[in-house]
Structures are given as C-alpha cells and as structure tokens.
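Just below is one structure, and these are the notes that go with it.
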Amino acid sequence: MILRAQAWSLRVFSWVFILAMLFSLFPFAAFEAKAAPFFSLDSSYLYCQTVYPGDRVKFGSHPAVFLINDSGEMLPFPSADVYKTWFDDFSGIIQLDPKCADRIPSPKQPPYFVAFRPGTRLVKRRLSPYVYVVGEGGNIFKLKDENAARELFGNNWGQYLRDVDDTSWINFTDTGEQLDGSKAVDGMLVSDAFGSETFLVRNGELVPVEGEISRGMKSDIRRLPARVLANHARAFSTRTDREEILLGAGNPATRIHFPLQQEIIAKMLRATNSIESVEYLGTFAVRSTDGAESLNLNVEFRGASDYLDPAHAKSSLYFRVPMPEGTGYPDGAVAMEFRTFNNVNSTDPVDSLGTIYFRIAELPDVESFIQDIYSSTVRPDMPFLRGNWVKVDVRELARQYLDEADIREIKQELELLKGPGNNLREFDDSTLERLIQAGVLRVTAVHDNEWLGGTDTHVLDFEIDRPGLLQFMMALSRSTAGVSLDEREVKHLRRQLKNWGDIGGRLWVGTEDFLPRAINVRFAAQDSSTRMQFELNESFARFNKPLSIEPPLNSVGVIDWFEKIKAEFTRVMESSTLYSNISDNSFGS
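Going by the numbering used here, the sequence shown opens with residue 38, and the numbers climb by one from there.
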C-alpha cells in the first residue's frame, strides 16, 4: 500500500479524504450537525440527486421548470417569457424523480417564483396605471413618468411592458423608491448608445463585463444616453467576466455563473488528477478547551512532490511544531524534514521502495527533560539528535524483514503504477467522477475573482455535503468491495456523519487551468467536555514542473542512529535513583 498511497496523494490530490482522515483521529461522539442539506438522509430518498443554488430542475414529464435559490428553496419560472430573460435554451436542466419534489422546500416569503432578470422588463398591475422596473430579487421601482421609461428603455419602452394580474403581484416587493430615469437599477446590463462597452450595474456603479455573454442577455442590454451613464461611477476595483455575472434571481444577490459554480468544482477535481508535481506550504491550527485547560497549537509546514519521472519519484516535507504552553514539555519547537526517493520502474519490487532521509532541525531541551524523568545524576549527551540527516534504506530493511507474501503484494501494486492507462489511473478517474456526481463539495457562496500568485482565480466558499458524502461512500463500497451497504450499515454511516462538526472553507481555483491555488478549511468538534477547533490554510504552486529535491550529502544510518540513542538512554537510566533501587531489590531477591 506504500506505493499506491504515494501515487494517490500526487494524482488525486483530494483533500476531501485528508479531512476524513483528520476526523478519524479525533473521534468525538457528540458533534452537533448544524447545516441542513437540501435533501433528507432518509434511506428511501437516497437516490435523489443533490441540487445546488443556481440549478434548474424538472420533475418527470411535468413541463414546469424550477430554480434553486441561495437558501436551497425551489422557485418556479412562471412563464417562458421570464425564463428567456435568464437562459437562451433549456439545456442543462436536471431531471429529477417526482418523488423527490417534496424534499426541496418552497419559499415562505417573496419572491415565491422567479422574477424577470433585473432591468429586462417593466411591469404594471392590470388595475393600476403605474409602471415599475423589475430589480434584483423581485424588488420593483416605480417610474416617475413616461420620460423616465424612455431614458432607461428607449422610445419603444412599451414592448418591454408586461401586465401582471393581482394574484401574481404578491411576488414583487415595492421598494417605495421612484425613478426619474437618471439612474439604472442594480443588476441591469447597460451600454452606451453605440454599444461599444457593456457594463453590469452593481451597487450603483458600472462594472465592465469582459468576454462573451449569452445570446439572450445581449438582446436585453439597455443602451443608455450619455447623460444617464454619467450619473454612475465606473468601478475599477472589481470586474465581472464571462464566467461570473451578478444577477438577481429568486433571492437578492443570487449569483448565476458561466460556468455554474458547481461546474468549477467538478473541473477542479478532474484537473487534480493530472498533477504529477507540486509545491505547497501552509499552517494547521488546533484550538481546544475543556473549561479548565486549553490547547493552542500552530503547525507550519511546506513540501513538494515530484512524480514526473517514475524512475526518480521524490518528495520533501518540512514541518515545525511549537511546544504548547502548560503541557509540561520543554519550551521551544520541534522541526523535522523528510525527503523520499523511489524507483517505481524498477523490475525488482524491493528496489522500488527506495530511500527515506530525515533530520530533526529543531528540538527543545529534551536532555534536561529526560534527566528529570529518570531522576538521573547524568545529563544525556545527544548532539547527534539535531541537524544531522538520518538515512532509512527501505530496501535494506525490506530484504531483512519482509516475507515472500509481502514482496508479492508490493509487486502487484507496482503493476498498477506502470505504463499508460494503468489500473490505478483508471481507478482514480472513476473515483473522482463518483465524487463529482455525489456532490460532496457544495458551493455556498461565490466572491469576486482574485489574483493569487500571478494567476486569476475563482473564489468559492464551500462545505462538505453530508448526503453527498454518504452517496459517495456507498458508491465507493460497491465499486471497490463489490457489495452494497445494507440499511443497518447506512444508518450507522448516517450517525457517524451527523457526529461530525460542520466542515467548510474557501477555495481559490485557477480560471484557466482549474487547478487549486489555495484552500482554507475550518471545522469544529465537541464531546461532552471539550471543544476542538481546527483550521487548515494551504497554498499550491509550480504544478507539473521539475522540482529540486536532492539527497543530503552526508547522513548516518538509521540503525547506528538508534544505537546511539539507546546507549545514551542506558547510561542515563543506570545513573538514576529509580534504576538503582530496582537493581538492588532484584539482586536481593
């Protein structure tokens, strides 16, 4: 399993599994789950597909199309006219079983159905002469007069006017504001009279729209007079491109993305399977308190993995752990560095295991600590503990300790790693697809793009979706073990997942290659007396480029190193009062 684990970490790069392993190390039994999934975990509904904000869904043969808003509620499109202000066609609609319809809630306050895209239509009640502009989230703004309508919608403004019956008028929220035509509403796409540049009105400012937008949206760009545009400041600090346009669907500030936000996650997960080398650095923080004592631990780490040449696969890892205060350990920090070198292409399975080097870069005053523990009159002399590289020849140890069955297993794993289209790669691909289909990573918010390390990135908030994770685990069981989980096992898994604290964070994903550039993960856990909070921050760079990882020039063998440690401990113990008392009593008996 050593070889497969190395290849998995490089090729799949799936920190979802890392999170799962972290939680397995902290088995708190009484977590309180707070995030409500869009679908219940009742076993009879496990086949219902997870849906996300911005998704469009249909049920069976019923013609109605619904939009999922930011709260996970289902809003119908009341007409094709409304639908076409948002989408050019009906591609991309998710087909769901009618039995799943009751699993998605309906809104309890307006808007109850999807309104026209902001700034695309004018509306009026049948019984009233007043005309309103539709804004974000179903908000409406009364026009002062016909001249205001001409300023914002042109001389042919009447073609955009829609009569709304009283039963549907409750979907709109009257802001009480009156427009005189001098300013456009937020969410409206506008341009100058020549159509030379397109802007999205956001917070009263003109945000340039870069790249192509959809055919339908082009038809609803309002060409405004220069005097109206002059009343809006141009936003230089933020921008909107072809992949992200802030609009106002069922909720205020609902975002519809091109590509959709969940598609960015899918592309990122698929892109990670092409990673053969990468550098990374970050921090991992642990905070805990049980009411009487607290723990504050910050681990710094950095490393690199290079799998471009399987004949010389290599990696490095450095981490530094300050010793927590109040724990009784010496003040200071422990810092360690590792370098590994493997040869997967070797015909000899034992030779493929390669070599590991490690060194202790920093170490507190453990000599005094050991002396105190053993009440010794002799202080340990261990200069070899700090700074010196230690060599672990895994091949040599394998020949000494592994039997033929172990070697056969290593050989079988080597076959998985060799050659184009190998079985491991196929396994990785299929596993990633299951991860994507199950929707384990659920986007909860999208922010303006950021430049990170010279790369334009999507910025997404996410959380781990428990129903999706359960579906993924069930699918993985069927594919790897060939068995389906029974109802009792599903219930057991469900209880375990509920015991996890909420897991969420933020992702920075490259807009061109969809590779992850940074991640922030936060999660908490609590048992009856202790609350634990964890936070991981990690950044990535130099994808698929040769990395400089070389064996140290000088090192000592691990057996010799341990012998030195053993000799010092023996010397300390022999001089200790405790050892002398035990020895005297033994001789007396």
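Ideal placement from N, C-alpha and C gives every residue a C-beta, glycine not left out.
Through-space distance from residue j to residue i, alpha-carbon basis
i, j, result
"I397", "E605", "17 Å"
"G306", "L469", "The amino acid at residue 306 is misidentified as Gly; the sequence shows Leu. Rounded to the nearest angstrom, the two C-alpha atoms are 7 Å apart."
"Y317", "T377", "16 Å"
"S613", "V415", "8 Å"
"F356", "V244", "43 Å"
"Y84", "S116", "In this prediction, Y84 scores a pLDDT of 46, lower than 50, which makes its location untrustworthy; the coordinate-derived value is nonetheless stated afterwards. Computed Cα separation, rounded: 30 Å."
"R608", "F338", "35 Å"
"N208", "G175", "7 Å"
"F295", "V94", "Below a pLDDT of 50, predicted positions are generally treated as unreliable, and F295, at 38, falls in that range; no measurement from the model is reported."
"E183", "R162", "16 Å"
"P359", "F321", "12 Å"
"S143", "D202", "21 Å"
"F236", "S228", "6 Å"
"F96", "P135", "5 Å"
"R239", "E188", "19 Å"
"V558", "R324", "14 Å"
"I250", "L226", "11 Å"
"E173", "R525", "47 Å"
"I312", "A578", "11 Å"
"C137", "V483", "27 Å"
"R252", "K145", "33 Å"
"V171", "G547", "35 Å"
"T212", "S165", "17 Å"
"T494", "V480", "15 Å"
"R432", "H349", "15 Å"
"P553", "M373", "26 Å"
"K181", "R260", "20 Å"
"N425", "S592", "7 Å"
"G91", "M510", "26 Å"
"L544", "S576", "10 Å"
"M254", "I105", "20 Å"
"A186", "W206", "20 Å"
"V477", "V429", "39 Å"
is_contact[residue i, chain B] using C-beta, thresh 8 Å
i, result
"D182", "Of the protein chains in the structure, only one exists, and it is not chain B."
Residue i, enclosing alpha helix (DSSP H) - first and last residue
i, result
"T414", "Note, T414: premise wrong, no alpha helix (DSSP H); not H, not E."
"E549", "Premise fails: E549 is in no alpha helix (DSSP H) and is neither H nor E."
"E337", "Careful: E337 lies outside any alpha helix (DSSP H), inside the beta strand (DSSP E) at S331 to D343."
"K255", "R252 to K255"
"V265", "A263 to L266"
"V431", "V431 to Y438"
Boundaries (first-last residue) of the beta strand (DSSP E) holding residue i
i, result
"A604", "A604 -> not in any beta strand (DSSP E); alpha helix (DSSP H) instead, spanning V595 to E611."
"A578", "R568 to A578"
"F421", "No beta strand (DSSP E) holds F421; DSSP gives it neither H nor E."
"V387", "Note, V387: premise wrong, no beta strand (DSSP E); not H, not E."
"V94", "R93 to F96"
Residue i - partner residues in DSSP beta bridges
i, result
"T377", "S352 and I393"
"L489", "T492"
"M111", "I105"
"H484", "V496"
"F321", "V336 and L573"
"W545", "V496 and A555"
"R260", "S228"
"R271", "L243"
"I473", "Answer by DSSP bridge pairing: none, since I473 is not bridged."
"V560", "A quick correction: the sequence has Phe, not Val, at residue 560. In DSSP, F560 forms a bridge with I540 and F571."
"V88", "Partner(s): none; V88 has no beta bridge."
"V15", "This structure cannot speak to residue 15, because the chain is shown only from 38 to 626."
"R479", "E500"
"V315", "S342"
"E399", "A372"
"D428", "Sequence check: residue 428 is Lys here, not Asp. DSSP lists Y394 and G594 as partners of K428."
What residue ranges within the region 113-192 form continuous alpha helix (DSSP H) runs of no fewer than 4 residues, ordered along the chain? 117-121 and 183-190
Sequence ranges, alpha helix (DSSP H) only - wholly within the region 197-244, length at least 4 = 203-206
Item to check | Touching by the beta-carbon criterion (3+ pairs, under 8 Å), the region 118-136 and the region 148-157 | outcome: Touching, yes, given that three or more Cβ pairs across the two stretches are closer than 8 Å.
Would you say the region 586-600 touches the region 340-354, given that touching needs at least three Cβ pairs under 8 Å? yes
For the 8 Å Cβ check, are there 3 or more pairs between the region 122-133 and the region 497-512? Taking 8 Å as the limit for Cβ pairs, the verdict is that the region 497-512 does not touch the region 122-133.
Sufficient close CB pairs (3 or more, under 8 Å) joining the region 595-602 to the region 417-430: Yes: at least three Cβ pairs fall under 8 Å.
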